[in-house]
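One structure is given below, encoded as structure tokens.
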Amino acid sequence: DPTEAAVRDWFLSDGRLAQSFLDTNEQTIQQQRAVDRELIKGTVQATLEGIQSEAQGIIEDAGDFGPEASSCEGAVLIRSAVIEACGSEQNLICDAAKPANSDGAYRFVDSPEDLWDVQEFRPWTSPGPLQLAPDGQLDGASTVAFARQGNVAFSVAFRPDIRPRADMAPENIQTFQTLLDSIGFEFNHPELIYAPALTIRATLPEPLAGEDRYAIHFGAIEVGDIIWEGASGTGAPIEISILLTPIHIVKLTQGESLELTAIRSLDDSSDEALFGLALTPVNQVAATQALLAYMATQMPQDLNLLVPPGDY
Numbered sequence: 001d002p003t004e005a006a007v008r009d010w011f012l013s014d015g016r017l018a019q020s021f022l023d024t025n026e027q028t029i030q031q032q033r034a035v036d037r038e039l040i041k042g043t044v045q046a047t048l049e050g051i052q053s054e055a056q057g058i059i060e061d062a063g064d065f066g067p068e069a070s071s072c073e074g075a076v077l078i079r080s081a082v083i084e085a086c087g088s089e090q091n092l093i094c095d096a097a098k099p100a101n102s103d104g105a106y107r108f109v110d111s112p113e114d115l116w117d118v119q120e121f122r123p124w125t126s127p128g129p130l131q132l133a134p135d136g137q138l139d140g141a142s143t144v145a146f147a148r149q150g151n152v153a154f155s156v157a158f159r160p161d162i163r164p165r166a167d168m169a170p171e172n173i174q175t176f177q178t179l180l181d182s183i184g185f186e187f188n189h190p191e192l193i194y195a196p197a198l199t200i201r202a203t204l205p206e207p208l209a210g211e212d213r214y215a216i217h218f219g220a221i222e223v224g225d226i227i228w229e230g231a232s233g234t235g236a237p238i239e240i241s242i243l244l245t246p247i248h249i250v251k252l253t254q255g256e257s258l259e260l261t262a263i264r265s266l267d268d269s270s271d272e273a274l275f276g277l278a279l280t281p282v283n284q285v286a287a288t289q290a291l292l293a294y295m296a297t298q299m300p301q302d303l304n305l306l307v308p309p310g311d312y
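Under this note's numbering, the first residue of the sequence shown is numbered 1, with each subsequent residue one higher.
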């Protein structure tokens, strides 16, 4: 692919220029890096726009199939219900529901009773260093765990929340800086600031057992160490970023479990935990400790190379 080749060549060239700058401290090298970065951004953007235009044309030709299909992505479907809803209609989902096509892109169970038995757990991934993605954005430096039961699914990514100072209110910058100071991290980039954070993504269907809210927490729900709480009932995907306090960083890196719990409020103002879904602790300690050590040591240097002061 020409775009992939161009990005690969740019990475190699930029790496050589970065090393040359470290050796000579010649500012014109940084200027050349900035020019080359903008050129490759333009190349990638043009390619993405072409792909998006082609995809949009396919969706428009398919009528209302695009929105309907996107709502099924990642879900476990009940085969009999899909076949009944499809009738004689033909599309990707309807065709995939036929038993002969059970190895297709969509997952099915044969009855509603089987749905809750579908479980999936992915261990914490091993983190790598920061790098530039093909679109020019910062990528990497994260570890992610995932859990699913039926169509309740959530993932948590531990990563540095890196932001341009110019886009933040002074009090928010101070919040980030106070957190860095409290854990003993030094970071002096004039245009960027970061703090350790969790990015939480969840797919929560409409209430399954009468719950009125969900909570994500460390340890047992009875302990009450809740880091996020939200109402149920919408069925809409959730994506939030939460800065971690020093005590939560300790809990995460020592392997304390992260769980999602469905909660129902009772008439006597008490709460009842209805069901829960916990992330696996496999590789949690090793991955989170390695990433935290990277944030404290090598990451500030990598950021200065990837996003030289003056680029924002």
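Note that CB positions come from ideal geometry on N, CA and C, so glycine has one too.
Between F187 and I193, the alpha-carbon positions lie close to 7 Å from each other. In summary, L12 is exposed, with fewer than 16 beta-carbon neighbours lying within 10 Å of its beta-carbon over all protein chains present. Around the C-beta of V250, fewer than 16 other C-beta atoms lie within 10 Å, and the residue is accordingly described as exposed. Distance from the CA of I221 to the CA of G140, rounded to the nearest whole angstrom, comes to 31 Å. A contact between stretches requires three or more CB pairs, one per stretch, nearer than 8 Å, and the stretch 248-266 meets this requirement with the stretch 280-291. The residue from A293, A145, H189, P134 with its alpha-carbon nearest to that of P281 is A145.
The closest CA to that of D167, considering only D181, G184, E191, is found on E191.
Per the C-alpha coordinates, the member of M295, H189, S265 positioned closest to V307 is H189.
At a Cβ-Cβ threshold of 8 Å, D14 and P129 do not count as neighbours. The beta carbon of T47 is closer than 6 Å to those of T3 in its chain, skipping five residues each way along the sequence. By the 16-neighbour rule on beta-carbons within 10 angstroms, T261 is buried. Where P160 is concerned, the enclosing beta strand (DSSP E) starts and stops at 152-164. If you draw a straight line from the Cα of A18 to the Cα of V35, it comes to about 14 Å. DSSP, read as helix, strand or coil, puts L260 in strand. For the 8 Å CB-CB criterion, E206 and A215 do not form a contact.
Scanning its chain for C-beta atoms nearer than 8 Å, with the 5 sequence neighbours on each side dropped, one finds around I162 the residues L138, L192, I193, Y194, L303, in chain order.
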